[in-house]
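Participant: Residue numbers (our numbering): 1 to 540. Backbone N, C-alpha and C fix where the C-beta goes; we use that ideal spot for every residue, glycine too.
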Ligand code: ADP
Ligand code: MG
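Now the structure itself:
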């Protein structure tokens, strides 16, 4: 079923069909390209949505249910179709979840060439109005929010465990600001993955995890009273010095030269010892000689530590990152401890300073593909839980807000006139795509669902949504299917902006010659749709 869908989709928009599209106006052609892309991810919406297997141009395989990942892996170079990818990217950046929703709504909006700003603004106001206040200590709600965003993803199987970890992680980085507001600073939650064990063995760790080995086997791997030196420059002689041409007239000069180099490297180590560091994390390389001397001094050193890890450890142990050893003073050092995991693959770094902050969510799974999809699901959950905790607000899921907002928009449409009325009505109709596709993907009759949902909402049941597991129309908030206003509002914004943009861009493109535009940029190929054919063709 999914295979057929996947094989069927490229037909709509690919090179082979380009001929047939020639007769249509350029605008229609572009709108249909953008819509086709939107439709290609629709089948992943909701807990019963299908996964997609994507084969990248390098032959890597990605199995995912994540809208933005699918669109990013598809090699799309049609400019209007590209706008749809941008909807997903904006949604991912701004809200972390709701990418498929945003793209599906954008696709629907494109059925009508209207200007949607006003409708979107009104829709966001309605979303605010139906938002449910949640107590910031109501962990149960946050766990449900995490679980709702995980369902349908690889993370779902272990959603009890993972949702608890997500909530604990978000709480660990929550601070109350002076003005009484809550800040959930997710920059201090690092998600790391490790293959080998099951997802159920994932854990939340204080501090950082570094997936590296010591540079020398005689170095300690556990340091209880660690004084960390973080360096972002190589612990080597700089290139020009090392490669300098020396003309020697006498063999002693070579010896002198080597000794001079050794002295400089030795001084580097002495400097580190003088500072009092016993753990060195270097973002760049470390000279063999330096490694050797550090080991002799009983100092643990790790080289080529990722910038993001260096920055994270800095927060955990309260260190400064040093570029120039000579001018560094003792107070650049951070405090804490280091230990090795049982498989001798990772270092656990904990901080021991009052300012210490940062936790690591270590996700485990049997294979690379499993942990990658787990990570995408957990990242989405973290974002929505963080947003819900900081705003203290939530929404019922399962299409409930879409149906409620659509209904309110239809009423609102009566109060505006002309073109704007059409736009507001079209916007309301576009929102129906969410409950419709949730039902479709779950094999539930979508027309019946929509009729029932509308009836419930007309009777004032604002939280009535579809629970795809039971097929019932019910208060989805009570049922634990819980979304967030942040992601929902953002989806409305991203979708309407993209639709507006596509329609504007169509106007420009339709004035020129479509087939040469693509060639100019790509240096050949079958016009604007060419690259899309390649990318989509890779999907299986
Ligand atoms: P997105 O990329 O838009 O987040 P998802 O595939 O994650 O797409 O699906 C999100 C939608 O699925 C939301 O509308 C959410 O309310 C809905 N959903 C999640 N769980 C359920 C459920 N048990 N029943 C019905 N809808 C659900
Ligand atoms: Mg989601």
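I'd like the list of long-range same chain contacts for residue 21, defined as Cβ closer than 7 Å, with 5 residues on each side in sequence excluded.
Facilitator: Walking along the chain shown from the start, residue 21 turns up at place 21. Residue placement at residue 21 is poorly supported in this model, since its pLDDT is 42, which falls under 50; the coordinates still yield a value, given next. Counting only Cβ-Cβ distances below 7 Å, and skipping sequence neighbours, we find 29.
Participant: Assess, as a yes-or-no matter, whether the segment 256 to 274 is touched by the segment 215 to 224 under the definition of 3 or more beta carbon pairs within less than 8 Å.
Facilitator: No, the segment 215 to 224 is not in contact with the segment 256 to 274.
Participant: What span of residues does the beta strand (DSSP E) with residue 441 cover, start to end?
Facilitator: One-based indexing of the chain shown puts residue 441 at position 441. Unbroken run through residue 441 is the alpha helix (DSSP H), 433 to 441; no beta strand (DSSP E).
Participant: In the DSSP output, which residue or residues are listed as bridge partners for residue 393?
Facilitator: Locating residue 393 in the chain shown gives position 393, counting from the first residue. Answer is 133, bridged to residue 393.
Participant: Does ligand 2 have even one heavy atom less than 7 Å from the beta-carbon of residue 149?
Facilitator: For the purposes of this step, residue 149 is taken as residue 149 along the chain shown, with counting starting at 1. Yes.
Participant: Helix, strand or coil for residue 337, going by three-state DSSP, please let me know.
Facilitator: As a working mapping, residue 337 is identified with position 337 in the chain shown. Here residue 337 sits in strand by DSSP.
Participant: Which residues mark the beginning and the end of the beta strand (DSSP E) in which residue 279 is found?
Facilitator: For the purposes of this step, residue 279 is identified with residue 279 of the chain shown, where counting begins at 1. Its beta strand (DSSP E) spans residues 279 to 282.
Participant: Buried or exposed for residue 284, going by 16 or more other Cβ atoms inside 10 Å?
Facilitator: Here residue 284 refers to the residue found at position 284 when the chain shown is read from its first residue. Its Cβ having fewer than 16 others within 10 Å, residue 284 is exposed.
Participant: Is the distance from the Cβ of residue 100 to the Cβ of residue 162 below 8 Å?
Facilitator: Looking up residue 100 in the chain shown gives position 100. Looking up residue 162 in the chain shown gives position 162. Not a contact, by the Cβ cut-off of 8 Å.
Participant: What does the alpha-carbon distance come out to for the pair residue 395 and residue 480?
Facilitator: The sequence position of residue 395 within the chain shown is 395, counting from 1. The sequence position of residue 480 within the chain shown is 480, counting from 1. Cα-Cα distance, rounded: 10 Å.
Participant: I want to know whether the segment 383 to 394 touches the segment 418 to 430 - three or more CB-CB distances under 8 Å.
Facilitator: Because the criterion of three Cβ pairs below 8 Å is not met, the segment 383 to 394 and the segment 418 to 430 do not touch.
Participant: Specify the secondary structure class of residue 353 as computed by DSSP and reduced to three states.
Facilitator: Position 353 of the chain shown holds residue 353. Residue 353: coil per DSSP, three-state reduction.
Participant: Exposed or buried, what is residue 61 when buried is set at 16 or more other beta-carbons lying within 10 Å of its beta-carbon?
Facilitator: Indexing the chain shown from 1 puts residue 61 at position 61. Exposed, by the Cβ-count rule.
Participant: Could you check whether the Cβ of residue 49 sits closer than 7 Å to any heavy atom belonging to ligand 1?
Facilitator: The sequence position of residue 49 within the chain shown is 49, counting from 1. Yes, the Cβ of residue 49 comes within 7 Å of a heavy atom of ligand 1.
Participant: With contact counted as at least three CB pairs below 8 Å, one residue from each stretch, are the segment 188 to 197 and the segment 362 to 372 in contact?
Facilitator: The segment 188 to 197 vs the segment 362 to 372: in contact.
Participant: In terms of residue numbering, what span does the alpha helix (DSSP H) encompassing residue 227 cover?
Facilitator: Mapped onto the chain shown, residue 227 falls at position 227. Counting along the chain, residue 227 falls outside any alpha helix (DSSP H), though it belongs to the beta strand (DSSP E) covering 223 to 231.
Participant: Relative to the alpha-carbon of residue 183, which residue among 420, 389, 496, 485 has its alpha-carbon at the smallest distance?
Facilitator: Position 183 of the chain shown, counted from the start, is the residue given in the question as residue 183. Among 420, 389, 496, 485, the Cα nearest to that of residue 183 belongs to 389.
Participant: Following the continuous alpha helix (DSSP H) through residue 160, name the residue where it begins and the one where it ends.
Facilitator: Within the chain shown, residue 160 is the residue found at index 160, counting from 1. From DSSP, the alpha helix (DSSP H) with residue 160 extends over 159 to 172.
Participant: Check whether the Cβ of residue 383 sits closer than 7 Å to any heavy atom of ligand 2, and report yes or no.
Facilitator: Position 383 of the chain shown, counting from 1, holds the residue named residue 383. For ligand 2, not one heavy atom lies less than 7 Å from the Cβ of residue 383.
Participant: In whole angstroms, give me the CA-to-CA distance for residue 73 and residue 66.
Facilitator: Your numbering for residue 73 matches position 73 in the chain shown. Your numbering for residue 66 matches position 66 in the chain shown. Spanning the two alpha carbons is a distance of roughly 11 Å.
Participant: Which residues share a DSSP beta bridge with residue 347?
Facilitator: As a first step, residue 347 is located in the chain shown; it is residue number 347 there, counting from the start. Residue 347 is bridged to 210, 340.
Participant: Quick check on residue 265: does DSSP put it in helix, strand or coil?
Facilitator: Within the chain shown, residue 265 is the residue found at index 265, counting from 1. Residue 265: helix per DSSP, three-state reduction.
Participant: Please state whether the Cβ-Cβ distance between residue 319 and residue 305 is less than 8 Å.
Facilitator: For the purposes of this step, residue 319 is identified with residue 319 of the chain shown, where counting begins at 1. For the purposes of this step, residue 305 is identified with residue 305 of the chain shown, where counting begins at 1. In this structure, residue 305 does not lie closer than 8 Å to residue 319 by Cβ.
Participant: Taking buried to mean at least 16 other C-beta atoms within 10 Å of its own C-beta, is residue 253 buried or exposed?
Facilitator: Your numbering for residue 253 matches position 253 in the chain shown. It is exposed - the Cβ of residue 253 has fewer than 16 other Cβ atoms within 10 Å.
Participant: Can you find a heavy atom of ligand 2 that lies under 7 Å from the Cβ of residue 380?
Facilitator: The residue labelled residue 380 in the question sits at position 380 within the chain shown. Under cutoff, so the answer is yes.
Participant: Beta-carbon separation of residue 208 and residue 399 under 8 Å?
Facilitator: For the purposes of this step, residue 208 is taken as the residue at position 208 of the chain shown. For the purposes of this step, residue 399 is taken as the residue at position 399 of the chain shown. No, Cβ-Cβ distance for residue 208 and residue 399 is not below 8 Å.
Participant: For the beta strand (DSSP E) containing residue 364, name the first residue and the last one.
Facilitator: Translated into the one-based positions of the chain shown, residue 364 becomes position 364. Here the beta strand (DSSP E) through residue 364 covers 359 to 365.
Participant: What are the complete alpha helix (DSSP H) segments, minimum 4 residues, inside the segment 81 to 152?
Facilitator: Complete alpha helix (DSSP H) runs here, min 4: 99 to 109, 117 to 130, 139 to 150.
Participant: For residue 238, does the count of other Cβ atoms within 10 angstroms reach 16, so buried, or fall short, so exposed?
Facilitator: Numbered from its first residue, the chain shown carries residue 238 at position 238. Label assigned to residue 238: exposed.
Participant: When the cut-off is 8 Å and only beta carbons count, does residue 424 lie next to chain D?
Facilitator: This model lacks chain D altogether; it includes just one protein chain.
Participant: Can you tell me which of the three DSSP states residue 464 falls into?
Facilitator: Here residue 464 refers to the residue found at position 464 when the chain shown is read from its first residue. Three-state DSSP puts residue 464 in a strand.
Participant: So if DSSP puts residue 301 in a beta bridge, which residue, or which two residues, is it bridged to?
Facilitator: Sequence index remark: in the chain shown, residue 301 carries index 301 (1-based). Answer is 280.
Participant: According to the Cβ coordinates, are residue 106 and residue 87 closer than 8 Å?
Facilitator: The residue given as residue 106 occupies position 106 in the chain shown. The residue given as residue 87 occupies position 87 in the chain shown. Their beta carbons are under 8 Å apart, which means residue 106 touches residue 87 by this criterion.
Participant: So if DSSP puts residue 581 in a beta bridge, which residue, or which two residues, is it bridged to?
Facilitator: What is shown of the chain runs 1 to 540, which leaves residue 581 out entirely.
Participant: Taking 7 Å as the cut-off, does the CB of residue 117 come closer than this to any heavy atom belonging to ligand 2?
Facilitator: As a position in the chain shown, residue 117 is number 117, starting the count at 1. No - ligand 2 has no heavy atom lying nearer than 7 Å to the Cβ of residue 117.
Participant: Looking at ligand 2, does it come within less than 7 Å of residue 542, judged from the CB to the closest heavy atom?
Facilitator: Residue 542 falls outside the range modelled here, since the chain spans only 1 to 540, and no answer is possible.
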